[in-house]
Amino acid sequence: RGVRTLRGADGTPGIVAVLARSLLCISGLLLTFSQPVCEAFNLDVENTAVYSGPNGSYFGYAVDFYLADSARPGLECIASVVIGAPKANTRQVDVTEGGSVFYCPWGLSQSDCHTIEFDTEGDRNVLINDTEYHGDFKSHQWFGATVRSHGDTILACAPLYSWRTEKDVPHSDATGTCYLSVRNFTKFVEYAPCRTEISDAVGQGYCQGGFSADFTTDGKVVLGGPGSYFWQGQVIAAAKEDIIKAYYPGYFMQSVEGQIQTRQVKSEHDDSYQGKKGQYILGALMITTLFFNCLRSFSWKHFSLQMGSYFGYAVATTDINSDGMADLLVGAPMFMVRGSDGRLEEMGRVYVYLQRGPLDLQLRLPHLTGTQVFGRFGSTIAPLGDLNQDGFNDVAISCPFGGEDRQGLVYIYNGYSEGLREKPSQVISGQWAAGAIPASFGFALRGAKDLDMNGYPDLIVGAFGVNKAVLYRSRPIVNTSASLTVYPTMINPEEKNCMITNGNTSIPVSCVNLSFCISADGKHLPDILDFQVEVQLDSNKHKQKGAVRRALFLDSQQPLLQRSVRVRHGDRICDNTKIYLRDEKDFRDKLSSIYVALNFSLDPKAAADSHGLRPILNYQTTNAIEQKAQILLDCGEDNICVPDLKLAVHGNRKEVYLGDDNSLTLTFNARNEGEGGAYEAELYVVLPPEADYSGIARNNELTCSYETENQTRYLSCDLGNPMKSGTSLWAGLRFTVPRLKDTHKTVQFELQIRSKNENNSHSEVVPYKLEVVVQADVILQGVSRPDKVFFPPANWKVTKNYGVEQDVGPVVEHIYELVNNGPSRISHTLLELRCPLRVQGQTLLYPLEFSIEGPINCTSDKNMNHLHLEVSVLQTDSCTPLRVVTPVVWNKPDIENSVPLWIIILAILAGLLLLALLIYVLYKFGFFKRSLPYGTAMEKAQLKPQAASEA
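Residues -40 to -1, 1 to 911 in mature numbering (1 follows the signal peptide of the UniProt record, and there is no 0) are what the sequence shown lists, from first letter to last.
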């Protein structure tokens, strides 16, 4: 077959294939994304242990717990973690970045991590044809890229380790090698099953043994070698006791009794990377006991892969549905999802296969799909054990380049009877933003071990980009049950069965009972649990805007009750109190329910347990409970009011005029003809943009408020709470409509009765439409100057040669004024003036000129001043008249038309004769007779003085 080029899964040539697990995750990381908001669960993200390694060592590339059965003498604690740093420098002679594994004891200072001396030698020599050559190459071998523990044994591998084969033409092969630390670091043995005579690409020369590795539950070592047999890959397994027996220092090749391994298959399976954790499932399944003996009988034809998704890059097996059979999870961190814009985006996906029978895998839908573009969701999958102690195993899935600053995310998914829940119960964010390279938080995950022995498994997360590893411990989980009861649920405002104190006065009020109970249970909990309880009346999410709370607690006269409740583990504690209804004048809402909300939480100030952890409520616990009470209404036995709302509207005008203020009065009649009251009934009037509200025209008891909402102006008038059945209300509202436009033919008001009842809450909308009319009061006024013409004027002579206007005759000015008294404006108005230029065939007026003031255009059907006379300057008025100057020419009267003289003489004689006749008549009537100065004799006697005797 010839020599094949060493290449990675994506076709990249050379040694890149060995680094595929890290390089595929580091590429394409130029964008940042927001972190999903999920509910925190019981992994404590505040009290963590952070372990640090040498800069640039990739400390945290691989992690595991180390819980040995017995401690090595001198060690203070057997509970610890082991952390791989594949680029660390060691004390090995002439070895550069050989890689190392660090031991970090739990409970000691985080700086107490120290190197485990698996291999202290430098490169070894080999004798070929009596010539000594460099035997192996440990520089850049990535020792510590894989680290696993089992009991007192630790397995660490260097997948890029190379050795010089014993052939005529010496060359080196990247076979990979592993070391085991057994009996708590008292013995170290090397295990390199790919370092055989079957070298080169045709055999195990490019094996890279230990690229993936693990222990089975019974202690067998299982290695994956993706490069064997032209990259077909292979899986090799042997018992650790047999590996220890077969080890002889100085021997490059060893024969392990009982070792089994997959063999080379047909050439069409070349480049299948069997055994590489980063590409295909087949080898990874060998890492578990469940699938170890079933390798050759398993078929994968039912798997549907997206090209380039790296399906199988990460795999894990655990019983997530608690049916006694291990299930399979497969990561595809480069899975593409089509976004809303139709473009493909790399999100990553994890497939869940439930084992329904021996190797009968059923794909569980829906898949778990990432939400962070280029986040590489599904790069690592780690079984966690039963994290929340609900009887189902849980799983951690990494998204090492997700988050706002590409700091990395770890998602916690809980198992249940149907598989894995679709939403994570907790999302853990990395503490370090990306630097020169991404922090890669979550690239390494390891769980399912209880490091602090509190009864709950813990999780360790590696972030090799910042040379860190973080230990997250699980907090004890409290399963809580709570109840809330209000009785009776109907509050009768007429029944005053409780008393409150206001100063020195006791006031009767309507009240009902309220009680709540809390119980707590769980595993590995303290004997006493402290809770904080809040009970709120008319909670904010139900309270109407601007409304007051209608019910209060009887003891405190407040809407909020806060209590500290101490519950013994396994017990149930109850509390009782009363709530009362406020005076009906203090609130409007009588119809809707009074909601009572109970919220409880563990007291954050409570002391931590003996492990330094505070318990946490189960994230599935319902810690908020609501009940409701109802105000008894005058609506019959069912307490349901069904109004029948009617509305009639009349106005004092049907038209509005452009340019006018247009005062308008709308008179309405609101009626409720239903069987029950309409609560919080209001007249709702939507004003057109052209109108303004002025006030109430009639009915002084009506109250209205003017408001604006979403650019809609409306009027809200209170009609009663309730507007009782049979109510008929008349009232008037005043408006003005000043902002009319000639583009609208009508203006419309909309009126409706609205209430808060559930049934028949609104009346029909009644529109009131006004026609927009143009109305103008136009007056034409005129005056003549002078108002009389005496002709001929003095010293006027008739001439045939006219030079100036005085030669024609006197000037007559006609002044016309057009006035619009409104209210509307007018346009395109035509004023036509007709002048008598000739009378009885004789010239009467000579048109001389016209003068204009104002926005007027004038034209004439005759030529003005056709004789071209010299015209004197005219004085114009300040108004806007139209002036037409017309000289009137009069002819001289004839002499024969005067009165004859005889007629005059005859008229004088007739007048004298008439006068004589008048005098004669007066004479005959005695008009000219004169009276005596004294009267008759009797009159005279009466005027004499009285006799002397009388004197």
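The beta carbon of each residue, even a glycine, is placed where N, CA and C say it ideally should be.
Which residue spans inside the segment 58 to 103 form an unbroken beta strand (DSSP E) run of at least 3? Scanning the segment 58 to 103 from its first residue to its last, the whole beta strand (DSSP E) runs of 3-plus residues come out as 60 to 65, 85 to 88 and 91 to 94.
So what's residue 915 in DSSP terms, helix, strand or just coil? Since the first residue of the chain shown is -40 and the last is 911, residue 915 is not available in this structure.
Determine the closest residue to F403 out of P293, L797 and G871, with distance taken between C-alpha atoms. The shortest Cα separation from F403 among P293, L797 and G871 belongs to P293.
Can you tell which of G218, F560, A589 and R798 has the C-alpha that lies nearest to the C-alpha of T581? Closest option to T581, Cα to Cα, is F560.
Give the straight-line distance between the Cα atoms of F295 and T331, rounded to the nearest whole angstrom. Approximately 11 Å between the Cα atoms of the pair.
Should V725 be labelled buried (16 or more other beta-carbon atoms within 10 Å of its own) or exposed? Looking at its Cβ environment, which holds fewer than 16 other Cβ atoms inside 10 Å, V725 is exposed.
In whole angstroms, give me the CA-to-CA distance for V645 and V734. Taking the Cα positions, V645 is about 26 Å away from V734.
Judging by CA-CA distance, which residue of V310, G742 and A429 is the nearest neighbour of Q266? The option with the nearest alpha carbon to Q266 is V310.
Taking the Cβ atom as the reference point for each residue, do S186 and Q168 lie within a distance shorter than 7 Å? It is worth fixing the name first, because residue 186 is Pro in this sequence and not Ser. With respect to the 7 Å criterion, P186 and Q168 are classified as neighbours on the basis of their beta carbons.
So E201 is in the alpha helix (DSSP H); what residue range does that whole segment cover? Residues K200 to A206.
Cβ of Y11 versus every heavy atom of the ligand COA: is any distance shorter than 6 Å? Of ligands this structure carries none, so the ligand COA is not represented either.
If distances are taken between C-alpha atoms only, which option among N457, S443, T277 and S385 comes closest to L314? Taking each of N457, S443, T277 and S385 in turn and checking the Cα distance to L314, the smallest one comes out for T277.
Tell me the rounded alpha-carbon separation between R324 and N536. Answer to the nearest angstrom: the Cα atoms are 48 Å apart.
Considering only the beta carbon of each residue, do I576 and I451 sit closer than 7 Å? The Cβ-Cβ distance between I576 and I451 does not fall below 7 Å.
For the segment 474 to 527, which segments carrying the beta strand (DSSP E) assignment without a break, of at least 3 residues, lie completely within its bounds, in sequence order? For the segment 474 to 527, whole beta strand (DSSP E) runs of length 3 or above, ordered along the chain, are 488 to 497 and 511 to 513.
Alpha helix (DSSP H) segment containing S188, residue limits: S188 to W191 is the span of the alpha helix (DSSP H), which, as asked, contains S188.
Would you mind listing the beta strand (DSSP E) stretches within the segment 388 to 472 that are 3+ residues and don't spill past its ends, in chain order? DSSP runs (the beta strand (DSSP E)) wholly in the segment 388 to 472: 404 to 409, 418 to 423, 428 to 432, 437 to 447 and 458 to 462.
Would you mind listing the beta strand (DSSP E) stretches within the segment 697 to 735 that are 3+ residues and don't spill past its ends, in chain order? Complete beta strand (DSSP E) runs here, min 3: 706 to 714 and 726 to 733.
Cut-off 6 Å between Cβ atoms - residues of its own chain near E217, not counting five sequence neighbours on either side: Residues D202 of the same chain have their beta carbon placed closer than 6 Å to that of E217, with the five preceding and five following residues left out of the count.
State the Cα-Cα distance for the pair G170 and G379, rounded to the nearest angstrom. Spanning the two alpha carbons is a distance of roughly 31 Å.
Out of curiosity, what's the CA-to-CA distance linking G308 and G362? Between G308 and G362, the C-alpha separation is close to 11 Å.
Once you ignore the five residues that flank Q587 on each side, which residues in its own chain have a CB closer than 6 Å to its CB? L444, V446 and V556, listed in sequence order.
Decide if the segment 481 to 491 is in contact with the segment 410 to 430; the criterion is three or more beta carbon pairs, one per stretch, under 8 Å apart. The segment 481 to 491 vs the segment 410 to 430: in contact.
What is the DSSP secondary structure of residue 928, reduced to helix, strand or coil? The chain is shown from -40 up to 911; residue 928 falls before or after that span and cannot be answered.
Buried or exposed for W392, please, with buried defined as at least 16 other CB atoms from any protein chain shown within 10 angstroms of its CB. By the neighbour-count rule (16 or more Cβ atoms within 10 Å), W392 is buried.
Integer-rounded CB distance, given that G165 should sit under 8 Å from A173: Incorrect: roughly 19 Å between the Cβ atoms, too far for contact.
Stretch pair the segment 461 to 472 + the segment 486 to 501: three plus CB contacts closer than 8 Å: Touching, no.
For S782 and T819, what's the separation of their Cα atoms in angstroms? Position check: residue 782 holds Gly in this sequence, whereas Ser was assumed. One alpha carbon belongs to G782, the other to T819, and they sit about 26 Å apart.
Out of F888, S215, A199 and T222, which one is the CA nearest neighbour of Q192? Per the Cα distances, T222.
Pick from R523, R542, G44 and G530: whose alpha carbon is nearest that of Q517? Of all alpha-carbon atoms in R523, R542, G44 and G530, the one lying nearest the alpha-carbon of Q517 is that of R542.
Give the single residue among T789, L804, G801 and T803 whose Cα lies nearest to the Cα of residue 940. No information on residue 940 is available, as it lies outside the stretch -40 to 911 that the chain covers here.
In its own chain, which residues sit with a C-beta less than 6 Å from the C-beta of L558, not counting the 5 before and 5 after it? Closer than 6 Å at the Cβ level, and outside the excluded window around L558, lie L444, F476, V495 and I585.
Comparing C-alpha positions only, which one of E615, E640 and S17 sits nearest to residue 932? For the chain, the structure presents residues -40 to 911; residue 932 sits outside this window and is missing.
Reduced DSSP category for E765 - H, G, I as helix; E, B as strand; rest coil: Reduced to three states, the DSSP call for E765 is helix.
Just grab the DSSP bridge partners of F148 for me. The beta-bridge partner set that DSSP reports for F148 consists of S141.
For T8 and G302, the rounded distance between their alpha carbons: The straight-line gap from Cα to Cα measures roughly 42 Å.
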